[in-house]
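Okay, structure first, notes after.
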């Protein structure tokens, strides 16, 4: 039995305990929050080692920014855990139920998934965040963070394991894989029999590697090649405002837009107004030939641009001749995350919401709202761009399964 | 582009049409039912070729039984399609919705999954059954049946494609892979970008091969290593009756039981009563040493027996000393399908339903009730034994996904 199989077996055992842990889960979460605060110095010290290694290895500054933990960031992590403790427990909810004609009482009840694997990259705060969401929803978790954050992650996981043991939970409810080789990651993806689901959080490269190699069920998260389509009946100021917000309020996140599609009949009037707003933030525009003819100081887009999630102050621009062409473009190039139509035409709004096959489809609002907090889910483990099990922002409910409980008095078939 | 990729592309295009097909779907289903009846002779003739090939190849009789189509079986297939047409359309159901404080109207709506792949074995009736369920739930389907039924399947698929075209749907809503090599099956399992989900229906071997090779999301179905635990407080007659029903009413199906666990304090009284009932059907008992000491004319079980889904008139028997031991045994050996406790003890009933992590958990009723029809789902595409997306009997709702639709009037974040 490999080390990881042993870890899987312990996690599976812990998951059985969690099935009936009830209020102990919240007690454990509060212990975690307290322990994170108490051990702030220790965490920041372990993190300093990661930062030092990253600098030695010439890791780029934006990555180091994500890696760094300060007293304030540790306090945020503890706060996040407390907020999760305060959410309602999803487990045990009766989703539906009925009594059949033979007297069987059939209930469909929400239960934990079991053991969840999380593969992530450089952000060490994911360690406490993901563990807390899994624990709250009654799941054991096996964490596999990036090698850049290994010292921070080991320190945080160790603190969490001790804290939950203090609350009376098996410490194996939370486990961290300390081996950050590619081999350990692939082994986790194929830990069938122990792992019920694997959730990758991070770059498109990571997510693709997981989809490619995993033999356990996966929930894909996060890649957002999002679009705004400006219909011929759009309010121009509203369109410019939504595009400005959806592109520039936080370009590095998955619900930011990457391409706008503008109806040809309003392009000459609309595009300069949009560009004027985007110029405030020096957004680079990558334009189709027709839109490049209208605008000056822009770059020409190529086929790759339509597929690209820039995650930066860059936006692709394309003129289309109809809503059909806009819908076709999105069907071909979108990652299925979030799309918006700006329109004042009722039937175009209805067509867009019906025919666009993405997790979140907007009429006259910024795609930046695609977020667990904004949608009222309380907390979020990620945004699913697949259609199985969960789609869009995933909260605690999306970390659960269900089972049927049938009570009888001797019925046979 | 390979043939299968072309098929995937056409299916994806057809799936876009289905997003808004509404009532056309029912029209197409009724056309299918009529066309199956009209072409009964043709279907039976194509099937005769499969039967002839099977006999030439020395295929065993039980398999030929599953393969054979008569006029009556074709009529049953048509009936099945009509029943599916009569079910409520799951698509467009608003699952939840709210208006947020900034005025955004957020709705979560049921939508089709997209393109579903079904891999199955020798039963040609699955061809119409699975296609009708997928179509009703707004999905395009790519069917990959077993080589034994290829002539029947080609004939049925051809009839269905023509029928739905007559109703105004793209014929590519239904496609059959005619190449029954292992290569085509593996290619289907890795048709990412075209296939939204793959559902294997058939033997444990098929399902394991799909889990092992698939890169698209899979819903595992069907393997049922089911248990009855006879508690020390059980009504003996009820226990014997439930065990008799769950083992012998239809041993070849996944919700039949394979192992019974009997509390040691009632074993001497209970086991002979159970055996007396099972003797009516000549059930072979494979017993642990302690139960073999009580019963005569039984075989000794080995470790493999606890894992085995006999699908036959064979039952494994084990004596346990506590409900804890019963729960541990099930946690270790069960496939997570259906388990039952026979008890008159309230707290043991509650413990069993809470701690057994299977799709269906029964108190005092036969596991044979785990079935879409019995649970009121109307029709069933299979029984999921995984925890992601769907668990237990899967009806039309389990063949759907959801999306968020957000209506605003210019909101930005």
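Residue numbers (this note's numbering), protein chains in the order written: chain A, 14 to 426; chain B, 14 to 426.
Glycine included, C-beta positions come from ideal geometry on N, C-alpha and C.
A quick note: this is a predicted structure, and the numbers were derived from the prediction, not measured.
Using only the alpha-carbon positions, how far apart do residue i and residue j sit?
i: residue 125 of chain A; j: residue 120 of chain B; result: 25 angstroms
i: residue 101 of chain B; j: residue 414 of chain B; result: 16 angstroms
i: residue 214 of chain B; j: residue 405 of chain B; result: 14 angstroms
i: residue 342 of chain A; j: residue 313 of chain A; result: 18 angstroms
i: residue 344 of chain B; j: residue 370 of chain B; result: 7 angstroms
i: residue 327 of chain B; j: residue 216 of chain A; result: 51 angstroms
i: residue 206 of chain B; j: residue 19 of chain B; result: 12 angstroms
i: residue 122 of chain B; j: residue 416 of chain B; result: 5 angstroms
i: residue 275 of chain A; j: residue 331 of chain A; result: 6 angstroms
i: residue 257 of chain A; j: residue 290 of chain A; result: 6 angstroms
i: residue 160 of chain A; j: residue 86 of chain A; result: 20 angstroms
i: residue 96 of chain A; j: residue 391 of chain A; result: 8 angstroms
i: residue 248 of chain A; j: residue 357 of chain A; result: 7 angstroms
i: residue 398 of chain A; j: residue 140 of chain B; result: 30 angstroms
i: residue 15 of chain B; j: residue 401 of chain B; result: 31 angstroms
i: residue 71 of chain A; j: residue 420 of chain B; result: 46 angstroms
i: residue 226 of chain A; j: residue 108 of chain A; result: 34 angstroms
i: residue 368 of chain B; j: residue 255 of chain B; result: 21 angstroms
i: residue 427 of chain B; j: residue 285 of chain B; result: Residue numbering for chain B in the displayed model covers 14 to 426; residue 427 of chain B lies beyond these limits and cannot be assessed.
Counting only the same chain and skipping the five closest in sequence on each side, list residues whose C-beta sits under 7 angstroms from that of residue i.
i: residue 84 of chain B; result: 53, 57
i: residue 111 of chain B; result: 119
i: residue 62 of chain B; result: 164
i: residue 347 of chain B; result: 238, 240, 371
i: residue 82 of chain A; result: 56, 57, 60, 137, 165
i: residue 339 of chain A; result: 242, 274, 333
i: residue 301 of chain B; result: 314, 330, 331, 332
i: residue 113 of chain B; result: 119
i: residue 24 of chain A; result: 128, 153, 155, 185, 188, 207
Counting along the chain, where does the alpha helix (DSSP H) carrying residue i start and finish?
i: residue 21 of chain B; result: 16-31
i: residue 285 of chain A; result: 277-292
i: residue 62 of chain B; result: 53-69
i: residue 140 of chain B; result: 138-149
i: residue 359 of chain A; result: 359-368
i: residue 177 of chain A; result: 163-180
i: residue 93 of chain A; result: 84-99
i: residue 36 of chain B; result: Element bounds for residue 36 of chain B: n/a, residue is neither H nor E.
Are residue i and residue j close, meaning C-beta to C-beta below 7 angstroms?
i: residue 98 of chain B; j: residue 39 of chain B; result: yes
i: residue 146 of chain B; j: residue 189 of chain B; result: no
i: residue 270 of chain B; j: residue 241 of chain B; result: yes
i: residue 143 of chain B; j: residue 132 of chain B; result: no
i: residue 380 of chain A; j: residue 259 of chain A; result: yes
i: residue 385 of chain B; j: residue 349 of chain B; result: no
i: residue 91 of chain A; j: residue 49 of chain A; result: yes
i: residue 377 of chain B; j: residue 423 of chain A; result: yes
i: residue 235 of chain A; j: residue 396 of chain A; result: yes
i: residue 374 of chain A; j: residue 418 of chain B; result: yes
i: residue 195 of chain B; j: residue 135 of chain B; result: no
i: residue 311 of chain A; j: residue 324 of chain A; result: no
i: residue 233 of chain A; j: residue 220 of chain A; result: yes
i: residue 192 of chain A; j: residue 361 of chain A; result: no
Can you list, in chain order, the residues of its chain whose CB lies under 6 angstroms from that of residue i, leaving out five sequence neighbours each side?
i: residue 28 of chain A; result: 127, 128, 153
i: residue 179 of chain B; result: 44
i: residue 151 of chain B; result: 31, 104, 125
i: residue 176 of chain A; result: 44, 45, 48
If you follow the beta strand (DSSP E) that residue i is in, where does it begin and where does it stop?
i: residue 420 of chain A; result: 413-424
i: residue 106 of chain A; result: Taken as a continuous stretch (DSSP letters only), residue 106 of chain A belongs to no beta strand (DSSP E), as it is neither H nor E.
i: residue 377 of chain A; result: 373-378
Can you list, in chain order, the residues of its chain with a C-beta nearer than 8 angstroms to that of residue i? Leave out the 5 residues immediately preceding and following it.
i: residue 21 of chain B; result: 128, 155, 204, 206, 207, 208
Using a Cβ-Cβ cut-off of less than 7 angstroms, list which residues of the region 17-39 of chain A approach chain B; keep chain order. Per Cβ criterion, the list reads 29, 32, 33.
Between the region 351-379 of chain A and chain B, which residues of the former have CB atoms less than 9 angstroms from a CB of the latter, in chain order? So the list reads 351, 353, 355, 362, 364, 366, 367, 368, 369, 370, 371, 372, 373, 374, 375, 376, 377, 378, 379, given in the order they occur along the chain.
For the region 235-260 of chain A, list every residue whose C-beta sits within 7 angstroms of some C-beta in chain B, in sequence order. Those residues of the region 235-260 of chain A placed with their C-beta closer than 7 angstroms to a C-beta in chain B are 251, 254, 255, 258, ordered along the chain.
Taking any Cβ of chain A, which residues in the region 201-226 of chain B have a Cβ under 8 angstroms from it, in chain order? Within the region 201-226 of chain B, the residues whose Cβ lies closer than 8 angstroms to some Cβ of chain A are 205, 209, 210, 224, 225, listed in chain order.
Residues within the region 387-403 of chain A neighbouring chain B, beta-carbon criterion of under 9 angstroms: Residues 387, 388, 389, 399, 400, 401, 402, 403.
Using a Cβ-Cβ cutoff of 7 angstroms, what residues of the region 266-297 of chain B are near chain A? List them in chain order. Within the region 266-297 of chain B, contact with chain A at the beta-carbon level (separation under 7 angstroms) is assigned to no residue.
Interface positions of the region 401-425 of chain A facing chain B (Cβ-Cβ less than 7 angstroms), listed along the chain: Near chain B, meaning a CB-to-CB distance below 7 angstroms, the residues of the region 401-425 of chain A are 401, 402, 404, 405, 414, 415, 416, 417, 418, 419, 420, 421, 422, 423, 424, 425.
At a Cβ cut of 8 angstroms, what residues of the region 338-351 of chain B count as close to chain A, listed as they run along the chain? Those residues of the region 338-351 of chain B that come within reach of chain A (Cβ to Cβ, closer than 8 angstroms) are 344.
Of the residues that make up the region 144-163 of chain B, which ones have a beta carbon closer than 7 angstroms to any beta carbon in chain A? Taking 7 angstroms as the Cβ-Cβ cut-off against chain A, none of the residues of the region 144-163 of chain B qualify.
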